[in-house]
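What follows is the structure in structure tokens.
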């Protein structure tokens, strides 16, 4: 049974900061957001977790393998090197959406995202080392069937992008409401989904749903593991099987 | 009349590179993609352009102010510092979507995105300095009305994200098909749109369309300028007027 | 008794890479070197180690707290995100210079720094968790007495720099030959030295030596700990005591 | 005749910031310093200038090709993305040391490096485009003859480092006092020197001086150009001639 540890990273008072005393150059905000995300991705990724850029001022991570002290250290390091600070909520559960809801509540209880005084709150719980198992995380790695041939080499870059975004928007809603899962676009034509204990039939159904709804054809590799990296790496290998064999759903467990 | 210079940056052979000889750690791919984007944002942004992360392996930019030699230098610098290289297409036009289509075609003609041999192509045309005017670029900066109060401080972080993604997916399609415009989510609850010569009525109509379709309420500030930065900065100021006055559409020209 | 774990990071085949097929832009090499160093500093620093930029193509680190698997992961991550790769040697000992000599030998035995075929070697030994003690690392943090008042606000920036470099060059040689210690300039007017079990008299003697030799007046804070961070943080606090009390040598143990 | 435009970048109030309210993690300071330097290297380097990390809180650059507005933009961009700010002085002259002295004075007159209130001063003069010539900058690129064979593959990494540092410390002093030149270690075994109009005999003399004083054998390639990049690139090519032909001084003009 899955036991996902989910962390929400929220930049403190970011909206007001971006326009005080004057609006800041957009290119600088983009650079700041991307590099902050990249740093968190390295820190969490080095501990076998995954971070998703999400909205950049709010980033969602699967942090099985990161201790409470790890979260504290990351928060301190960011505070030392950026002109902004992070508030953090951590929670765990068999249901990834519920875990994220709990993590979000931890931060919301500490104060508004635009609260002038809320800075660097850190609340929540992690899974103790002794309680971790190889089933804790289930990751599904979707991509668009033959995106390069069908879209990238054929359409203009924005129309390709629209197709992928429509596919993502449909999948994200379906996986959240039908399967309590959290879906994240990660670049190219790839979507990584954090799932509870789903089965092949659930993935087949999701793929049909998206194809019917927006005419975008997906395939998926699914893996399980003690951490997001372990599960995700297995999922990547399963996806290679889809590519090699022409199948649409492959589970590496 | 707008005359948008659009550049497409496409990483050469990225799909295969990410799985050769074996799939690479996802956190490292995320870090690479984000930092590459951040570097391009700085280079183009320092010349008053805007770059949008788009799909990360394909990035769209408004590069009025960047010469052909600037594009060459950026390509060389990336090749010196990253394990991947960029191919680049540049085009101009009164219609941003058409300009991007032309830029895309330049790259597609040089070879597939997964062509083993296509590396660092650079094709296209820029607007010569002497032909630039203060009307060349029109930027609209949308955000969600009171996102913090309605969503961020109330819903779990994924449900807030879903709302914003649905709003973005609807706006991007509408602006592309109804108004030949290119829309990009830039973090938080912000969407920046690259437009041809649109008027207040067009923006009001777009806002109503999105509200009717997905029940997400947007407001917008619009600016014009010689470069994306000039137009976008004016748009940011116009958006502050919306926030201060409670209006939904403000044009800073 | 100190038991320093020292790691040497050496970029594979860097000299030839920088000029093949043609010399690369110097500013790009500087950016690459600095960002690679920064990444290693974060990785090792997050595990309570210290890395020193040293010559950038060869970097020395105190890695008590980093396991062999940590070194492997860092090597893999760099290989995924940079156009160069690292070879690594790790060794331990009561004598920091000897430990570095052993770490260097590990890399040298695998092949020349400009060996076309040597890539990503990783050899050596770490201190097992169960064998670590609070005395393992001794760090001395030197700075120039009143550098700002005497130099930075008074001389031109290069003459200030010369003074600090001369002080560093003298201290580095003295500490290596008289005290088996490794000294690194870390910016500003700061020099961090990795020492075996030295005593107050050794530091007083070193300070007099440098003052006599090159007329640069140093002060020093010294700390001990299980890791470079623990020892170095104690050293920083001891240095604050020098600043507050006007003393020249303070040991925080 | 050379006409070097020199810029001094000085972080405002850095010393106090690093210890307020408490000393900050050393690894974070190293990361911040290196990444700030890398960003400035990209910005200035993209405009054909060179920046040298120098003391990291004080960085010296040759900025022929950077306008006053470019300096302003860099300062603004850093202020948007870092927890520290920069003060900047720019000056020009036939004598690089004098130009740096003038640039330093500009910053010193605005206030102390540890002045609580001095923030983001920007003072000085640049060379107008119409006054630039192909002789403005002379760059000499020194390296140690066969460093890899003599040192890197033979000695322990610190003893190699000592040799190179001693060579650098001697060259920097000699070039400054005998030849009004500014010397900077740039990694590996490389030293880049910013010179006025020197001739082959001056370089031969400098090489003999260093060899006699500290027994380190250098070779040098020298170039001239309109910018640091142009001069430095020619110098790199001249250095390749030294390596290929076994000569010690090569001038690419």
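Residue numbers (our numbering), protein chains in the order written: chain A, 3 to 255; chain B, 3 to 255; chain C, 3 to 255; chain D, 3 to 255. For each residue, glycine too, the CB sits at the ideal point set by N, CA and C.
Chain-order list of residues whose beta-carbon lies under 8 Å from that of residue i (same chain, five-residue window excluded)
i, result
"residue 30 (chain D)", "none"
"residue 206 (chain A)", "250 and 251"
"residue 84 (chain B)", "34 and 38"
"residue 1 (chain B)", "Residue 1 (chain B) is absent from the structure shown; chain B starts at 3 and stops at 255."
"residue 42 (chain D)", "11, 53, 61, 63, 76 and 80"
"residue 238 (chain B)", "143, 223 and 225"
"residue 245 (chain A)", "221"
"residue 129 (chain A)", "5, 7, 66, 94 and 138"
Residue i - partner residues in DSSP beta bridges
i, result
"residue 114 (chain B)", "Paired residue(s): none; residue 114 (chain B) is not in a bridge."
"residue 94 (chain A)", "A:7"
"residue 52 (chain D)", "D:64"
"residue 12 (chain A)", "A:60 and A:89"
"residue 134 (chain C)", "According to DSSP, residue 134 (chain C) bridges with nothing at all."
"residue 141 (chain C)", "C:196 and C:225"
"residue 253 (chain D)", "D:224"
Pair within 8 Å by beta-carbon distance, residue i and residue j
i, j, result
"residue 229 (chain A)", "residue 139 (chain A)", "yes"
"residue 27 (chain D)", "residue 158 (chain A)", "no"
"residue 8 (chain B)", "residue 62 (chain B)", "yes"
"residue 212 (chain D)", "residue 165 (chain D)", "no"
"residue 51 (chain D)", "residue 66 (chain D)", "yes"
"residue 54 (chain D)", "residue 76 (chain D)", "no"
"residue 14 (chain A)", "residue 178 (chain A)", "no"
"residue 253 (chain D)", "residue 208 (chain D)", "no"
"residue 190 (chain D)", "residue 160 (chain C)", "no"
"residue 36 (chain B)", "residue 36 (chain A)", "yes"
"residue 107 (chain B)", "residue 89 (chain B)", "no"
"residue 125 (chain A)", "residue 151 (chain A)", "no"
Close-in-space but distant-in-sequence residues of the same chain around residue i (CB under 7 Å, 5 per side omitted)
i, result
"residue 3 (chain C)", "96, 137 and 199"
"residue 227 (chain B)", "136, 139, 233 and 236"
"residue 169 (chain D)", "146, 212, 216, 218 and 220"
"residue 49 (chain B)", "67, 68 and 72"
"residue 204 (chain C)", "181"
Start and end residues, beta strand (DSSP E) containing residue i
i, result
"residue 245 (chain D)", "Residue 245 (chain D) -> not in any beta strand (DSSP E); alpha helix (DSSP H) instead, spanning 230 to 247."
"residue 226 (chain A)", "220 to 227"
"residue 125 (chain B)", "124 to 126"
Cut-off 6 Å between Cβ atoms - residues of its own chain near residue i, not counting five sequence neighbours on either side
i, result
"residue 241 (chain D)", "143 and 223"
"residue 1 (chain A)", "With chain A represented from 3 up to 255, any question about residue 1 (chain A) goes unanswered, as that position is not in the structure."
"residue 197 (chain A)", "140, 142 and 183"
"residue 25 (chain B)", "none"
"residue 104 (chain C)", "93"
"residue 187 (chain C)", "170 and 193"
Start-to-end residues for the alpha helix (DSSP H) that takes in residue i
i, result
"residue 46 (chain A)", "28 to 47"
"residue 72 (chain A)", "70 to 83"
beta-carbon residue i near the ligand FAD non-hydrogen atom, thresh 7 Å
i, result
"residue 237 (chain D)", "In terms of ligand content, the structure shown is empty, and the ligand FAD therefore cannot be addressed."
Return the chain-ordered ranges of every beta strand (DSSP E) run that is complete within the stretch 143 to 211 of chain A and spans a minimum of 3 residues.
Correct list: 184 to 189 and 192 to 197.
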